[in-house]
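In the numbering used here, the protein residues as written are -16 to 646.
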């Protein structure tokens, strides 16, 4: 069907337009009739136009419609739809005509019909009533055009949307302003917002994206056009979510940003199971150190047990100082071991922060020195300028300790364990040869032993879960698989170099942050601060701990009240209300524990400063204290300096009233 304007009036109209465009004066005699003007206009439209009388007979059809029907206008005039179309279509068309005539209102519809070859076509139809000068309806005028391709495109889009809704992932499209343009059913399930509620809302508001991460990924979108990584988010109900998120910038044909496609895969349950698995594996790691730990604790306790009776005898001042120094040194060693094991066993997975791996290696060497056989020599080769990495300190510590324990088990007759680290810039050539590598800054941590080595035939299996060469009861085979999983989750990779009879070396490559501010290590000790007569209530069911704490505080200028359990502390606090500036309470007490005591004290004196001390550093315990407004517990056994520093910090916190405990 051609849309080329036919000869006749249309050609005359084309000439008229040409005359007007060229500035010539048109002949005023042309198109005196409004009807003639109308015919020229509609004959050149790309749409089909017709008129009918009240009985459904055609009184006019434009050239395009005549061509489509294969009839001249003269042949078409006076015909009805039943003369031209199948009966079902004709009846439908005339029903629409009658409705327009009856109501005197415009009718719009999309009509479907089939060609003789069976092809489905769609037309967009508009019908309006024709009125005579007296306002009476004297016919119907209609215009329609083919919208088949448009309908097919819409159906294709709907089918694609249906497919996107079948996807388990949350699929979101964000416009350049940051508002939500598309929100599939996967997003509805994950976040709890319906598509209707989400559309037009800021996407970051619906998913609770972390502000610092948003800045990072927006920069990546601008520079690289894409970003991928893990995000911590929240659902509508406030539930914590972890997702693997992939962002892609979509541009229009002119290269301008059009939208952002976001695909989020829910990792929350997997992360929870991984955390449980890592805790189990860490406890296995602690168990493998148990015999060495027992031996070393005995060595720590022995000088204390031997030295205490000597203090009862007659000693010179120098001898007393020497014995006290021995006891203090032994106590510090024991405290260090217990804290290291508790930190390792507890762990808080998932927090990615700039980490200085040098400190974790030094800590691993300390644990090994306290727990490994003396026949194993320990060395650390650690430059001062090692780059930080973005990682989870607990998990990286777990990697180092697992490899150290493996090295220990590979040297039953003794040997040397060396942990070294250095900065490394992997180039494009190396990355091309190693599929796991990326040409970015890394740090290389090498854990090397002089043990029995790993036979070539099992090297491909050592990172498989539950694979072990140890005898039953000596290990679950989770150690190296855990190492591989943690390193991979940090964007790194591992290489193995081993020779039977000569030893093994594990090389761990972790992406580094060369431009990050260096993470500080241990700083020089600060002198213990003194008090100025502030009143402190000490609550602990252990008499020795309570008395030692009271004496230390009194010696440094504080006034101290003491209680042996929670209810006694409340009674004492009630009589001293308005006087006590600070409460130091143990968490683990019988009858009324420290958590219950803190809750009551918060109601009695909301502005009261409280320090909670505990010997158990579990995630649940720390979270419970955080809910009560205690961010930094004092972990037992604490030193005098740690106690005094904590007290000074609590009493001198900005906004704290020094004079009283009242609200």
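The beta carbon of each residue, even a glycine, is placed where N, CA and C say it ideally should be. No experiment lies behind these values; they were computed from the predicted model shown.
Three-state class that DSSP yields for residue i in the structure shown
i	result
residue 246	strand
residue 456	Low local confidence applies: a pLDDT of 41 at residue 456 is under 50, so the model's placement there is unreliable, and no value is given.
residue 20	helix
residue 569	strand
residue 469	helix
residue 670	With the chain covering only -16 through 646, there is no way to say anything about residue 670.
residue 446	coil
residue 486	strand
residue 611	coil
residue 11	Because residue 11 carries a pLDDT of 45, less than 50, the predicted location of this residue cannot be relied on, and no value is offered for it.
residue 240	strand
residue 306	helix
residue 317	helix
residue 348	helix
residue 55	coil
residue 4	With a pLDDT of 35 at residue 4, under the threshold of 50, the predicted position of this residue should be treated as unreliable, and no value is reported.
Residues bridged to residue i [DSSP beta-bridge criterion]
i	result
residue 407	425
residue 135	Answer by DSSP bridge pairing: none, since residue 135 is not bridged.
residue 398	359
residue 595	568
residue 31	127
residue 492	427, 476
residue 521	545, 567
residue 216	224
residue 165	156
residue 122	113
residue 617	596
residue 373	337
residue 481	487
residue 651	For the chain, the structure presents residues -16 to 646; residue 651 sits outside this window and is missing.
Terminal residues of the beta strand (DSSP E) in which residue i lies
i	result
residue 363	359 to 364
residue 180	Run containing residue 180: none in the beta strand (DSSP E); it sits in the alpha helix (DSSP H), 178 to 181.
residue 544	542 to 546
residue 229	223 to 234
residue 378	Where residue 378 is concerned, there is no enclosing beta strand (DSSP E), although the alpha helix (DSSP H) it sits in stretches over 376 to 392.
residue 298	Run containing residue 298: none; DSSP gives neither H nor E here.
residue 155	153 to 157
residue 511	It is not in any beta strand (DSSP E) - residue 511 carries neither H nor E in the DSSP assignment.
residue 70	No beta strand (DSSP E) holds residue 70; the alpha helix (DSSP H) holding it covers 70 to 86.
residue 113	103 to 114
residue 94	90 to 97
residue 194	Element bounds for residue 194: not the beta strand (DSSP E) but the alpha helix (DSSP H), 194 to 207.
residue 44	41 to 44
residue 336	336 to 338
Beta-carbon proximity check, residue i vs residue j, cutoff 8 Å
i	j	result
residue 154	residue 186	no
residue 26	residue 46	yes
residue 67	residue 52	yes
residue 200	residue 210	yes
residue 84	residue 112	yes
residue 178	residue 171	yes
residue 23	residue 48	no
residue 512	residue 483	no
residue 338	residue 402	no
residue 533	residue 517	no
residue 489	residue 386	yes
residue 242	residue 375	no
residue 550	residue 587	no
8 Å contact criterion, which residue i and residue j should meet: CB distance rounded
i	j	result
residue 623	residue 580	Contact flag wrong, Cβ pair sits at about 24 Å.
residue 351	residue 427	Rounded, the Cβ-Cβ distance is 20 Å, inconsistent with contact.
residue 214	residue 226	5 Å
residue 231	residue 244	5 Å
residue 406	residue 348	About 20 Å; that fails the 8 Å criterion.
residue 519	residue 567	6 Å
residue 183	residue 162	6 Å
residue 479	residue 425	Not quite, the Cβ-Cβ distance comes to about 17 Å (not below 8 Å), so this is no contact.
residue 109	residue 126	5 Å
residue 382	residue 469	5 Å
N- and C-terminal bounds of the alpha helix (DSSP H) containing residue i
i	result
residue 631	623 to 634
residue 433	Unbroken run through residue 433: none, as it is neither H nor E.
residue 369	Premise fails: residue 369 is in no alpha helix (DSSP H) and is neither H nor E.
residue 577	577 to 587
residue 528	526 to 538
residue 678	Lying outside -16 to 646, the shown extent of the chain, residue 678 is not represented and no answer is given.
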